[in-house]
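Enquirer: The following block contains the structure, expressed as structure tokens.
Residue numbers (the UniProt record's numbering), protein chains in the order written: chain B, 1 to 458; chain Z, 1 to 458.
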């Protein structure tokens with residue numbers, strides 16, 4: 001690279017000051033010198049000054065982004081830590097990556113489909129961009145039975161994150177968005193990239209022209225909607241990443257009513273719905289009238305360990321209309337056909353197996369395992385006197401460290417226990433003072449991490 | 001759906017008049033009445049008039065799009081034809097979909113990876129968004145050895161079409177694009193969607209603010225660059241889809257020089273490079289200086305039959321800089337991390353097997369088979385007195401029907417021979433008067449289609 005960035009590796013920087021990754025290979029690969037560099041220097045080499053530059057102006061929206069995408073940044077810090085402590089047994093309860101093997105009933109189906117592609121009868125090329133019909137049908141009957149969602153309302157994807165970005169392309173730059181604060185960073189970042197926002201306001205740690213709907217212990221992690229000025233699009237994740245809070249039926253009903261009153265569209269991210277223990281709604285379409293105001297995006301990632309296999313889906317009901325009466329689903333379909341070519345047929349075979357009776361049972365077992373991890377983590381922090389939230393309906397535990405910087409706590413935990421967590425402020429200013437601890441991990445690692453937490457905070 | 005569109009199914013409409021698909025399930029599913037409807041009617045049902053509408057304004061860029069994406073539209077017409085002639089043996093030489101089984105050396109690797117995901121040792125979750133290191137390394141050494149492209153310049157994707165769209169997100173709305181005319185429709189459509197263009201100009205069948213670089217027999221299918229006003233981004237596909245023409249070394253050198261003179265960036269789509277028979281460059285990076293002005297996108301789809309498996313890659317050299325010196329690769333990496341989560345790990349295992357010595361041999365055998373098909377199709381049309389282009393370096397044959405509408409010829413061939421082709425004007429106004437015949441097909445189908453062509457045009 002012709003411009004050399006020597007980046008700080010200080011782990012005590014605050015969230016808004018954390019820096020763009022210096023390497024493209026952010027996950028698991030570090031290509032920069034790490035030791036004892038503690039000041040940010042941008043050094044232009046002699047070639048850089050004479051290097052050929054095209055005449056193409058950089059997209060100003062890209063320039064608005066403040067930092068590397070959160071999880072690669074955490075991976076970078078993890079790698080830097082490993083360089084500093086090469087013998088440390090680092091445990092990752094950070095990125096929210098699944099760790100348990102995929103049940104065989106599911107991998108058998110993917111293996112079979114792979115082999116079938118070598119036969120004349122079993123070979124298939126381009127599939128429907130919207131997904132294979134049997135999978136769409138199985139999704140409709142498994143998750144939306146009696147909710148009035150039909151199989152042609154369901155678009156199969158390579159994951160919820162990818163569909164969030166495709167939804168942003170559908171809406172374009174002239175919409176105003178609202179997000180829970182804290183929330184999954186892809187909502188805000190994709191909004192910035194699409195040009196929906198103003199500049200980043202350093203003083204409040206927010207982008208201009210986004211409504212940040214504060215969710216905290218005081219309001220039961222459900223925003224005070226009366227204080228929100230009208231948004232076009234509301235990203236709402238329930239059970240929530242990172243707080244672990246699932247909205248109640250009353251709260252979701254309020255949200256749907258708010259959307260209707262304001263003519264807004266809710267994008268309901270239900271990627272953790274199968275982790276719900278009690279009676280809270282698993283789908284926003286359980287709320288009457290939601291089909292006219294809501295989209296729902298979901299994923300096999302955290303149900304079947306498909307974080308690497310890549311499979312998700314998005315429901316865009318045909319009843320959802322733009323202000324001119326044009327169906328949103330028609331534009332989403334156009335984007336799916338133009339910017340995407342369908343999920344891998346092998347992954348789709350796996351998805352179909354997930355929804356068989358044996359597959360569903362196997363998925364529930366894996367989810368049950370992670371929920372036991374959640375209990376262990378919650379009990380640990382609880383026993384240490386921390387206020388602990390989430391956990392019950394989600395694989396995330398949201399631990400309060402009042403008055404402290406999240407990145408400081410993240411760094412302290414990493415330095416002293418070799419456990420990677422996620423700093424709450426990485427999810428927005430409303431996450432400051434919290435740490436998200438993920439329950440995805442082998443049991444012995446979760447137990448060991450909890451032992452170390454008890455050492456550190458006893 | 002609350003608005004009922006009864007769409008014309010006349011097969012004689014001209015390219016610019018072809019209509020948006022009436023069904024979301026465009027491939028292989030038709031949900032509209034087809035018989036004897038020949039006038040376009042938009043009938044609002046009573047519910048439609050009273051249906052709830054959100055207050056969200058439809059993205060005006062979506063409204064600019066003139067028609068359904070080309071290939072779903074063709075699939076729709078194919079389905080309509082099947083409804084009309086339920087007993088016809090329809091042969092598809094249209095959409096460019098691979099038909100031959102994937103060699104076992106490749107599916108074995110995918111099957112093995114699937115099974116490994118069921119084991120503690122073999123399980124993996126999120127991979128690097130940019131792709132697995134061994135695959136990036138193998139791509140670099142297989143296709144870019146001695147060209148100065150390094151493995152960290154290569155981003156693995158779920159296909160070239162998806163990366164084209166991600167590249168458009170990187171560039172944003174304030175760039176001016178140039179495309180070969182005719183060309184693969186995703187370039188123009190994604191440009192419209194991103195807001196880079198003006199409205200569609202019906203008289204010339206072009207969008208405003210795109211440079212259409214005419215490629216025809218007269219100029220040897222290489223544009224007259226002296227007539228092009230400065231574009232920011234030049235999409236250049238070689239070997240070309242649909243014309244089948246591969247640029248020579250001199251032509252690509254001219255293109256690189258043109259980009260350098262104008263400060264433009266070339267996006268070189270090399271998805272058919274392995275079909276090149278002679279000495280034409282397989283990669284734009286064979287041209288000195290190209291790393292400072294070019295991106296290259298490619299795919300396993302047409303090499304290994306991965307149209308359904310989904311795997312491709314894009315090379316963004318670190319030497320490629322925006323006008324302010326910021327590396328394009330850094331912004332592309334940010335998009336890959338924020339809007340994508342990596343290609344399926346199972347597909348990547350298949351990709352790695354493709355690049356093993358046995359895999360490469362197997363891919364070359366499949367490509368050789370399709371190239372024999374190409375010869376058969378070329379000889380057929382040649383023997384019937386047509387001017388035939390392409391074929392030598394690409395799996396597409398570009399047949400000239402001077403003075404005739406492409407959609408008329410498409411409809412005539414479908415109606416009289418039950419063979420699906422692709423109308424040239426679907427690729428841009430420069431394709432008018434041509435038909436693209438794809439060489440992807442089982443041998444007996446290609447031979448049978450050619451027999452029928454000989455019947456029709458004897």
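We treat Cβ as the ideally placed atom computed from N, Cα and C, and that holds for glycine.
1. Which two residues bound the contiguous beta strand (DSSP E) that contains residue 111/Z?
2. For the putative contact between residue 417/Z and residue 443/Z, defined by C-beta atoms under 8 Å, what is the C-beta separation to the nearest angstrom?
3. Would residue 455/B be called buried (16 or more neighbouring beta carbons within 10 Å of its own) or exposed?
4. Would a check of beta-carbon distances place residue 186/B closer than 9 Å to chain Z?
5. Taking only three categories from DSSP, how would you classify residue 157/B?
6. Please determine, among 102/Z, 430/Z, 130/Z and 185/Z, the residue with the shortest C-alpha to C-alpha distance to residue 216/Z.
7. Note down, in chain order, all residues in the stretch 49-62 of chain Z with a beta-carbon under 7 Å from any beta-carbon belonging to chain B.
8. Along the beta strand (DSSP E) that carries residue 194/B, what are the first and last residues, could you check?
9. Can you grab the Cα-Cα spacing for the pair residue 192/Z / residue 261/B, in whole Å?
10. For the candidate residues 125/Z, 186/Z, 249/Z and 369/Z, whose alpha-carbon lies nearest to that of residue 428/Z?
11. At a Cβ threshold of 9 Å, is residue 337/Z touching chain B?
12. Determine whether the Cβ of residue 259/B lies closer than 9 Å to any Cβ atom of chain Z.
13. Quick one, which residues of the stretch 114-127 of chain B are near chain Z if we go by CB-CB under 7 Å, in chain order?
14. For chain B, check one thing: does any of its Cβ atoms lie closer than 9 Å to the Cβ of residue 377/Z?
15. Mapping the DSSP letters down to three states, classify residue 178/Z as helix, strand or coil.
16. Near residue 57/Z, what residues of its chain come up, given a Cβ to Cβ distance below 6 Å and the 5 sequence neighbours on each side ignored?
17. So is residue 377/Z buried or exposed if we call it buried at 16+ other beta carbons inside 10 Å?
18. Mapping the DSSP letters down to three states, classify residue 388/Z as helix, strand or coil.
19. Going by the CB atoms, is the gap between residue 425/B and residue 95/B shorter than 9 Å?
20. Quick check: what's the CA-CA separation for residue 133/B versus residue 345/B?
21. From this set, 105/B, 290/B and 406/B, which residue's C-alpha is nearest residue 351/B's C-alpha?
22. Run through chain B and tell me which residues come within less than 8 Å of residue 72/Z, C-beta to C-beta.
23. Out of 412/B, 149/B and 227/B, which one is the CA nearest neighbour of residue 178/B?
24. Would you identify the three-state DSSP class for residue 458/B, choosing helix, strand or coil?
25. Could you check where the beta strand (DSSP E) with residue 234/Z kicks off and where it finishes?
26. Please classify residue 97/Z: does DSSP put it in a helix, a strand, or coil?
27. List, in chain order, every chain B residue whose beta-carbon is nearer than 7 Å to that of residue 169/Z.
28. Just the Cα atoms here: how many angstroms apart are residue 79/B and residue 324/B?
29. If you draw a straight line from the alpha carbon of residue 448/Z to that of residue 458/Z, how long is it in whole angstroms?
30. Please state whether DSSP places residue 81/Z in a helix, a strand or coil.
31. To the nearest angstrom, report how far apart residue 154/B and residue 126/B are at their CA atoms.
32. Against residue 107/B, what residues of chain Z qualify as contacts under a CB-to-CB distance less than 7 Å, listed in chain order?
33. Can you have a look at residue 147/Z and say buried or exposed, based on whether 16 or more other CB atoms are within 10 angstroms of its CB?
34. Taking residue 97/Z as the query, report the chain B residues whose CB atoms sit under 8 Å from its CB, ordered along the chain.
35. Counting contacts by CB-CB distance shorter than 9 Å, is residue 39/B in contact with chain Z?
36. Taking Cβ-Cβ distances shorter than 7 Å, what residues in chain Z pair up with residue 307/B?
Expert: Let's see:
1. If you number the second chain from 1, residue 111/Z lands on position 111. No beta strand (DSSP E) holds residue 111/Z; the alpha helix (DSSP H) holding it covers 104-116.
2. On the second chain, position 417 is the one that residue 417/Z refers to. On the second chain, position 443 is the one that residue 443/Z refers to. Actually they do not touch by this definition, with Cβ atoms about 18 Å apart.
3. Numbered from 1 along the first chain, position 455 holds the residue referred to as residue 455/B. That one is exposed.
4. Position 186 of the first chain, counted from the first residue, corresponds to residue 186/B. Yes, because at least one Cβ of chain Z sits closer than 9 Å to the Cβ of residue 186/B.
5. Here residue 157/B refers to the residue found at position 157 when the first chain is read from its first residue. Residue 157/B: strand per DSSP, three-state reduction.
6. Along the second chain, read from residue 1 onward, the residue named residue 216/Z stands at position 216. Here the closest residue by C-alpha is 430/Z.
7. 51, 52, 53, 54, 55, 56, 57, 58, 59, 61 and 62
8. Taking the first chain and counting its residues from 1, one reaches residue 194/B at position 194. That residue, residue 194/B, is in no beta strand (DSSP E); it is neither H nor E in DSSP.
9. Looking up residue 192/Z in the second chain gives position 192. Looking up residue 261/B in the first chain gives position 261. Their backbone Cα atoms lie some 32 Å apart in a straight line.
10. Numbered from its first residue, the second chain carries residue 428/Z at position 428. Measuring from the Cα of residue 428/Z, the nearest candidate turns out to be 186/Z.
11. What you label residue 337/Z is simply residue 337 of the second chain in a count that begins at 1. It does: the Cβ of residue 337/Z has a partner Cβ on chain B nearer than 9 Å.
12. One-based indexing of the first chain puts residue 259/B at position 259. Closer than 9 Å: yes.
13. 114, 115, 117, 118, 119, 120, 123, 124, 125, 126 and 127
14. What you label residue 377/Z is simply residue 377 of the second chain in a count that begins at 1. Residue 377/Z does not count as touching chain B.
15. Translated into the one-based positions of the second chain, residue 178/Z becomes position 178. Three-state DSSP puts residue 178/Z in a strand.
16. Taking the first residue of the second chain as position 1, residue 57/Z is located at position 57. Within the same chain, residue 57/Z has no close Cβ partners at all.
17. Taking the second chain and counting its residues from 1, one reaches residue 377/Z at position 377. Answer is buried; the Cβ neighbour count reaches 16.
18. On the second chain, residue 388/Z is found 388 positions in, with the first residue counted as 1. Looking at residue 388/Z - three-state DSSP - the assignment turns out to be strand.
19. Taking the first chain and counting its residues from 1, the one referred to as residue 95/B is at position 95. Taking the first chain and counting its residues from 1, the one referred to as residue 425/B is at position 425. No; because the gap between Cβ atoms is not below 9 Å, this pair is not in contact.
20. As a first step, residue 133/B is located in the first chain; it is residue number 133 there, counting from the start. As a first step, residue 345/B is located in the first chain; it is residue number 345 there, counting from the start. Near 12 Å, if we compare the C-alpha coordinates of residue 345/B and residue 133/B.
21. As a working mapping, residue 351/B is identified with position 351 in the first chain. That would be 105/B, whose Cα lies nearest to the Cα of residue 351/B.
22. Counted from its first residue, the second chain places residue 72/Z at position 72. Near residue 72/Z (Cβ distances below 8 Å), the residues of chain B are 129 and 337.
23. Position 178 of the first chain, counted from the start, is the residue given in the question as residue 178/B. Minimum Cα distance to residue 178/B is reached at 227/B.
24. What you label residue 458/B is simply residue 458 of the first chain in a count that begins at 1. In the structure shown, residue 458/B sits in coil (DSSP, three-state: anything other than H, G, I, E or B).
25. In the second chain, residue 234/Z corresponds to position 234, counting from 1. Segment 233-237, the beta strand (DSSP E) holding residue 234/Z.
26. Taking the second chain and counting its residues from 1, the one referred to as residue 97/Z is at position 97. In this structure, residue 97/Z counts as coil in the three-state DSSP scheme.
27. Here the question's residue 169/Z lines up with position 169 in the second chain. What residue 169/Z touches in chain B: 193.
28. Locating residue 79/B in the first chain gives position 79, where the first residue counts as 1. Locating residue 324/B in the first chain gives position 324, where the first residue counts as 1. Rounded to whole angstroms, residue 79/B to residue 324/B spans 51 Å at the Cα level.
29. As a position in the second chain, residue 448/Z is number 448, starting the count at 1. As a position in the second chain, residue 458/Z is number 458, starting the count at 1. For residue 448/Z and residue 458/Z, the distance between alpha carbons rounds to 15 Å.
30. Reading the second chain from its first residue, position 81 is the one you call residue 81/Z. Helix.
31. Within the first chain, residue 154/B is the residue found at index 154, counting from 1. Within the first chain, residue 126/B is the residue found at index 126, counting from 1. Rounded to whole angstroms, residue 154/B to residue 126/B spans 18 Å at the Cα level.
32. For the purposes of this step, residue 107/B is identified with residue 107 of the first chain, where counting begins at 1. Chain Z residues near residue 107/B: 114, 115, 117 and 118.
33. Locating residue 147/Z in the second chain gives position 147, where the first residue counts as 1. When all chains shown are included, residue 147/Z counts as buried.
34. Within the second chain, the letter at position 97 stands for residue 97/Z. The contacting residues are 125 and 126.
35. Here residue 39/B is taken as the residue at index 39 of the first chain, counted from 1. A caution first: residue 39/B carries a pLDDT of 39, below 50, which makes its placement in the model too unreliable to give a value.
36. Counting from 1 along the first chain, the entry for residue 307/B is found at position 307. Neighbours of residue 307/B on chain Z, chain order: 125 and 126.
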